[in-house]
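*Asks:*
Number of protein chains: 2
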Amino acid sequence: MRGTVLHAPGDIRVEERDHPKIIAPTDAVIRLSATCVCGSDLWPYRGIQKMDGPSPIGHEYVGIVEEVGDEVTSVEPGQFVIGSFFASDNTCEICRAGYQSSCVQREGPVGAQAEYLRVPLADGTLVATPDVPDADLVPSFLAASDVLGTGWFAAVAAEVGPGKTVAVVGDGAVGLLGVLAAKQLGAERIIAMSRHEPRQKLAMEYGATDIVTERGDEGVAKIKELTNGLGAHSVIEAVGTQESMLQAIRSTRPGGHVGYVGVTHDVALDGTELFFSHVHLHGGPAPVRRFLPELIDLIWRREIDPGKIFDLELPLDQAAEAYRAMDERRAIKALLRV
Amino acid sequence: MRGTVLHAPGDIRVEERDHPKIIAPTDAVIRLSATCVCGSDLWPYRGIQKMDGPSPIGHEYVGIVEEVGDEVTSVEPGQFVIGSFFASDNTCEICRAGYQSSCVQREGPVGAQAEYLRVPLADGTLVATPDVPDADLVPSFLAASDVLGTGWFAAVAAEVGPGKTVAVVGDGAVGLLGVLAAKQLGAERIIAMSRHEPRQKLAMEYGATDIVTERGDEGVAKIKELTNGLGAHSVIEAVGTQESMLQAIRSTRPGGHVGYVGVTHDVALDGTELFFSHVHLHGGPAPVRRFLPELIDLIWRREIDPGKIFDLELPLDQAAEAYRAMDERRAIKALLRV
Chain S
1 MRGTVLHAPG
11 DIRVEERDHP
21 KIIAPTDAVI
31 RLSATCVCGS
41 DLWPYRGIQK
51 MDGPSPIGHE
61 YVGIVEEVGD
71 EVTSVEPGQF
81 VIGSFFASDN
91 TCEICRAGYQ
101 SSCVQREGPV
111 GAQAEYLRVP
121 LADGTLVATP
131 DVPDADLVPS
141 FLAASDVLGT
151 GWFAAVAAEV
161 GPGKTVAVVG
171 DGAVGLLGVL
181 AAKQLGAERI
191 IAMSRHEPRQ
201 KLAMEYGATD
211 IVTERGDEGV
221 AKIKELTNGL
231 GAHSVIEAVG
241 TQESMLQAIR
251 STRPGGHVGY
261 VGVTHDVALD
271 GTELFFSHVH
281 LHGGPAPVRR
291 FLPELIDLIW
301 RREIDPGKIF
311 DLELPLDQAA
321 EAYRAMDERR
331 AIKALLRV
Chain A
1 MRGTVLHAPG
11 DIRVEERDHP
21 KIIAPTDAVI
31 RLSATCVCGS
41 DLWPYRGIQK
51 MDGPSPIGHE
61 YVGIVEEVGD
71 EVTSVEPGQF
81 VIGSFFASDN
91 TCEICRAGYQ
101 SSCVQREGPV
111 GAQAEYLRVP
121 LADGTLVATP
131 DVPDADLVPS
141 FLAASDVLGT
151 GWFAAVAAEV
161 GPGKTVAVVG
171 DGAVGLLGVL
181 AAKQLGAERI
191 IAMSRHEPRQ
201 KLAMEYGATD
211 IVTERGDEGV
221 AKIKELTNGL
231 GAHSVIEAVG
241 TQESMLQAIR
251 STRPGGHVGY
261 VGVTHDVALD
271 GTELFFSHVH
281 LHGGPAPVRR
291 FLPELIDLIW
301 RREIDPGKIF
311 DLELPLDQAA
321 EAYRAMDERR
331 AIKALLRV
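Sequences listed follow chains S and A, in order.
So for the first sequence, this note's numbering puts the first residue at 1; every next one is plus one.
So for the second sequence, this note's numbering puts the first residue at 1; every next one is plus one.
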């Protein structure tokens, strides 16, 4: 079967790879309907995150169950399913507390930019839609596999809710879907921090009430200006750099909440600043599985349209162009048709 | 009047200082019944926190209202009152959210190791007891002024509650009163991390169910061993060093909560470790005012006895010996009779 392999920074290829097989009785193999390129795939692609030799890549997937192991009971061949970047048993104490991405048995399905994928712990990882969805819903379900679930977790971690002012740092797919999540969770005011017009536009469509184009200290000053000098109640951080983390923390009022989901790179937080900021800090790899049933329902009923974040669609074989377009910020997010 | 002045590291003196006066119409002047030395006073005393010349010191106080400004309505001369290290208006949006120690008008009453103290924003800062208390209750009310309120905030920030396992890093007064708070808040299991026998004993009296003497990575391993390999649900950090913060974060299970109240010194938190830890992090200067009414009630009804943490009592004039005893860890906390 065909699938992507990242050979070195900037060198992504679609190659013939082994067809995945059931290894453990809790596995499923799915035939992918669509996959995509994640902002976090760009870290190794850009050489910022070190890699050990060529590696299959991709961790966002939806598709039709092809085969299941003997112990799988909750999904069956023919069903359309959505999973996420960490497989989880969904039964351990950590999963039951809602942190499936820290499941004691967690492992990552690897190489999801491909025709087929083996998903471990299928019962605890995959969620089926009520029926095979119409084609136009596939991008939205694919978004639920990571970026929607991640933006949603960020909003929940930031304790977004009715009456609150929310600021969103980062205008990638996760940040934009953080705006959508904030709207769904009842935020009164949603400030999107973006200087890119197409992204500003999508942020407004998703429910942003204000756009702030300034960054860093100027961005913080602008958020303060919009919030009686206090800062936002809830801030979603969806980048992962030192600058964006500080921008998020400093934009939050004392007692407010920062939900951070941008995979952190070279971030060191000064204890004294954090101490006196009085903010709540929570985040990490989103436990997408916690939210999948609810997100699937919202998409199935066409209440939300997270699939709009895909502004580029290419066949799997053109994955290299998809990476380039995202790296150069020509595309917010690229969907790969399988 | 007499009061302490820290001249240089290790050089604390009791000197004649100006008798405080009402400056603003919202001020009160109180005649102190007792004051004490705080763990955080030891930072400048030890020369770890820089100081600009000689400075009055101390921020924990209880006493009788001597005089109030024209606008003060909630306390009156003759009442026994308790305040805390930051004065707050208790009416701004931040105060109403429970973060009085980040009040938009906050200022610190300074130099509380003295006979008299001016307290700004008296209405929003001071809380009176139902009547002038019996002498044996004074140490407990004094504890409420900072260390009890701080330990309590740490437990609340760590989301301590029924069914939860709590670990406490730090066996100073705040850590020990964090144990007391955890017990009051219904924790199922309370693990005190301490290697000092008298402190272990007090921790057990306050409700600790387990004592862990190991520190650092070994301490973390021990906490994991006691919690099915997962870590505690809630961890109270009451020291403020890099080692203690990491010990707290690493002792917490994914999805768990760290409440940190040790004033941080030279702490830098690695973003990647924090990200993948999946913990909630919240803390800072405790909004003691939020908890004072409840704490005063518990003490007045003799349900809790936080005054036990004072294991040394000296007249104000012997403040230097009080500092030495705490610095050398001969005393947990020293009360100064005024």
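Glycine included, each C-beta is placed from N, C-alpha and C at the ideal position.
Please read all numbers here as calculations on a predicted model, not as lab measurements.
#1: Where does S/Glu294 sit, in a helix, a strand or coil, going by DSSP?
#2: Ends of the beta strand (DSSP E) at S/Pro77?
#3: By the 10 Å Cβ neighbour count, where 16 or more other Cβ atoms means buried, how is A/Asp171 classified, buried or exposed?
#4: Measuring CA to CA, which of S/Ser40, S/Pro109, S/Gly58, S/Gln49 is closest to S/Gly3?
#5: Quick check: what's the CA-CA separation for S/Asp327 versus S/Arg199?
#6: Answer yes or no: do A/Ala28 and A/Val62 have a C-beta to C-beta separation smaller than 8 Å?
#7: What distance in whole Å lies between the Cβ atoms of S/Gly284 and A/His278, which are believed to be in contact at a cut-off of 8 Å?
#8: Where does the unbroken beta strand (DSSP E) through A/Ser33 begin, and where does it stop?
#9: So which residues of chain S does A/Leu246 contact, with C-beta pairs closer than 9 Å?
#10: Who are the near neighbours of S/Gln49 in its chain, counting only those whose CB is closer than 6 Å to its CB and skipping five residues on each side?
#11: Name the residues in the stretch 319-332 of chain A whose C-beta lies less than 9 Å from a C-beta of chain S; which are they?
#12: A/Pro293: buried (16+ other C-beta within 10 angstroms of its C-beta) or exposed?
#13: For A/Leu117 versus A/Gly111, is the C-beta distance shorter than 8 Å?
#14: Check the Cβ of S/Thr252 against every Cβ in chain A and list those closer than 8 Å, keeping chain order.
#15: Considering only DSSP beta bridges, list what S/Val212 is partnered with.
#16: Using the DSSP secondary-structure output, state which residues sit across from A/Ala167 in a beta bridge.
#17: Have a look at S/Val166 and S/Ala182 and give me their C-alpha separation to the nearest angstrom.
#18: Determine the extent of the alpha helix (DSSP H) in which S/Tyr323 is found, giving its start and end residues.
#19: Any contact of the stretch 235-242 of chain S with the stretch 197-213 of chain S, i.e. 3+ C-beta pairs under 8 Å?
#20: Beta-carbon of A/Ala268 versus every beta-carbon of chain S: anything under 8 Å?
#21: Output needed in chain order: residues of the stretch 77-106 of chain A with a Cβ under 8 Å from some Cβ in chain S.
#22: Short of 7 Å in beta carbon distance, which residues of its chain neighbour A/Val338, apart from the five on each side in sequence? Order them along the chain.
#23: Please confirm whether A/Ser277 has its beta-carbon closer than 8 Å to some beta-carbon of chain S.
#24: Mapping DSSP to helix, strand and coil, what is A/Asp341?
#25: Are the beta-carbon atoms of A/Gln100 and A/Pro287 separated by less than 8 Å?
#26: Could you run through the stretch 279-297 of chain A and flag, in chain order, every residue whose CB is less than 9 Å away from some CB of chain S?
#27: Do the stretch 14-28 of chain A and the stretch 66-86 of chain A make contact, defined as three or more Cβ pairs closer than 8 Å?
#28: Going by Cα to Cα distance, which pick from S/Asp297, S/Ile299, S/Gly259 is closest to A/Leu281?
#29: Count the other C-beta atoms from every protein chain shown that fall within 10 angstroms of the C-beta of A/Glu60, then say buried if there are 16 or more, exposed otherwise.
#30: How do the stretch 6-17 of chain A and the stretch 301-311 of chain S stand: do at least 3 beta-carbon pairs fall below 8 Å, yes or no?
#31: Going by CA-CA distance only, name the one from A/Ala192, A/Leu295, A/His19, A/Gly207 that's closest to A/Asp146.
#32: Are S/Asp89 and S/Cys103 touching if we call contact CB-CB under 8 Å?
#33: Less than 6 Å between C-beta atoms, sequence neighbours within five positions excluded: which residues of the same chain meet that for A/Val160?
#34: Assign S/Ala87 to buried or exposed, taking buried as 16 or more other Cβ atoms, counted over all protein chains shown, within 10 Å of its Cβ.
#35: Output, in chain order, the set of chain A residues within a Cβ distance shorter than 8 Å of S/Thr264.
#36: Taking the C-alpha atoms as reference points, what is the distance between S/Leu274 and A/Gly39?
*Replies:* On the basis of the coordinates in this document:
#1: The sequence position of residue 294 of chain S within the first sequence is 294, counting from 1. Reduced to three states, the DSSP call for S/Glu294 is helix.
#2: Here residue 77 of chain S refers to the residue found at position 77 when the first sequence is read from its first residue. No beta strand (DSSP E) holds S/Pro77; DSSP gives it neither H nor E.
#3: Taking the first residue of the second sequence as position 1, residue 171 of chain A is located at position 171. Answer is buried; the Cβ neighbour count reaches 16.
#4: For the purposes of this step, residue 3 of chain S is taken as the residue at position 3 of the first sequence. With distances taken between Cα atoms, S/Gly3 lies closest to S/Gly58.
#5: Taking the first residue of the first sequence as 1, we reach residue 327 of chain S at position 327. Taking the first residue of the first sequence as 1, we reach residue 199 of chain S at position 199. Between S/Asp327 and S/Arg199, the C-alpha separation is close to 15 Å.
#6: Within the second sequence, the letter at position 28 stands for residue 28 of chain A. Within the second sequence, the letter at position 62 stands for residue 62 of chain A. The answer is no: Cβ separation not under 8 Å.
#7: For the purposes of this step, residue 278 of chain A is identified with residue 278 of the second sequence, where counting begins at 1. For the purposes of this step, residue 284 of chain S is identified with residue 284 of the first sequence, where counting begins at 1. A Cβ-Cβ distance of about 4 Å is found for the pair A/His278 and S/Gly284, placing them in contact under the 8 Å criterion.
#8: Taking the second sequence and counting its residues from 1, one reaches residue 33 of chain A at position 33. It spans 28-36 - the beta strand (DSSP E) in which A/Ser33 sits, taken as one unbroken run.
#9: Against the second sequence, residue 246 of chain A aligns to sequence position 246. In chain order: nothing, as chain S lies at least about 11 Å away.
#10: In the first sequence, the residue the question calls residue 49 of chain S occupies position 49. Closer than 6 Å at Cβ, skipping near neighbours: Trp43.
#11: none
#12: Counting from 1 along the second sequence, the entry for residue 293 of chain A is found at position 293. So A/Pro293 ends up on the exposed side.
#13: Here residue 117 of chain A refers to the residue found at position 117 of the second sequence. Here residue 111 of chain A refers to the residue found at position 111 of the second sequence. Yes, Cβ-Cβ distance for A/Leu117 and A/Gly111 is below 8 Å.
#14: To locate residue 252 of chain S, count along the first sequence from 1; it is residue 252. Those do not exist, as S/Thr252 stays about 11 Å from chain A at its closest Cβ, beyond 8 Å.
#15: Start at 1 with the first residue of the first sequence, and residue 212 of chain S comes out as number 212. Within the DSSP bridge table, the entry for S/Val212 names S/Met193 as partners.
#16: Translated into the one-based positions of the second sequence, residue 167 of chain A becomes position 167. Note: A/Ala167 sits in a beta bridge opposite A/Ile191, A/Val235.
#17: Within the first sequence, residue 166 of chain S is the residue found at index 166, counting from 1. Within the first sequence, residue 182 of chain S is the residue found at index 182, counting from 1. It is roughly 7 Å from the alpha-carbon of S/Val166 to the alpha-carbon of S/Ala182.
#18: The sequence position of residue 323 of chain S within the first sequence is 323, counting from 1. Here the alpha helix (DSSP H) through S/Tyr323 covers 319-327.
#19: no
#20: Indexing the second sequence from 1 puts residue 268 of chain A at position 268. For A/Ala268, the answer is yes, since a Cβ of chain S falls inside 8 Å of its Cβ.
#21: Cβ contacts with chain S: Glu93, Ile94, Ala97, Gly98, Tyr99, Ser101, Ser102, Val104.
#22: As a working note, residue 338 of chain A is residue 338 in the second sequence. Excluding its 5 nearest sequence neighbours in each direction, A/Val338 has C-beta neighbours in its own chain below 7 Å: Leu32, Ser33, Ala34, Thr35, Glu115, Leu316, listed in chain order.
#23: Start at 1 with the first residue of the second sequence, and residue 277 of chain A comes out as number 277. So, interface residue.
#24: The requested residue 341 of chain A is not part of the displayed model; chain A covers only 1 to 338.
#25: Residue numbering aside, residue 100 of chain A sits at position 100 when the second sequence is read from its first letter. Residue numbering aside, residue 287 of chain A sits at position 287 when the second sequence is read from its first letter. Yes. Within cutoff.
#26: Val279, His280, Leu281, His282, Gly283, Gly284, Pro285, Pro287
#27: yes
#28: If you number the second sequence from 1, residue 281 of chain A lands on position 281. Nearest C-alpha to A/Leu281: S/Gly259.
#29: Counted from its first residue, the second sequence places residue 60 of chain A at position 60. Flag for A/Glu60 reads buried.
#30: no
#31: By 1-based counting over the second sequence, the position of residue 146 of chain A is 146. A/Asp146 has its Cα closest to that of A/Leu295, out of A/Ala192, A/Leu295, A/His19, A/Gly207.
#32: Mapped onto the first sequence, residue 89 of chain S falls at position 89. Mapped onto the first sequence, residue 103 of chain S falls at position 103. One thing to note: S/Asp89 has its Cβ within 8 Å of the Cβ of S/Cys103.
#33: The count along the second sequence starts at 1 and reaches residue 160 of chain A at position 160. So the list reads Val166, Ala182, Leu185, Ala187, Ser234, once near-sequence residues are dropped.
#34: As a position in the first sequence, residue 87 of chain S is number 87, starting the count at 1. So S/Ala87 ends up on the buried side.
#35: For this step, residue 264 of chain S is matched to residue 264 along the first sequence. Simply Gly271, Thr272, Leu274, Phe275.
#36: Locating residue 274 of chain S in the first sequence gives position 274, where the first residue counts as 1. Locating residue 39 of chain A in the second sequence gives position 39, where the first residue counts as 1. Cα to Cα, the separation comes out at about 20 Å.
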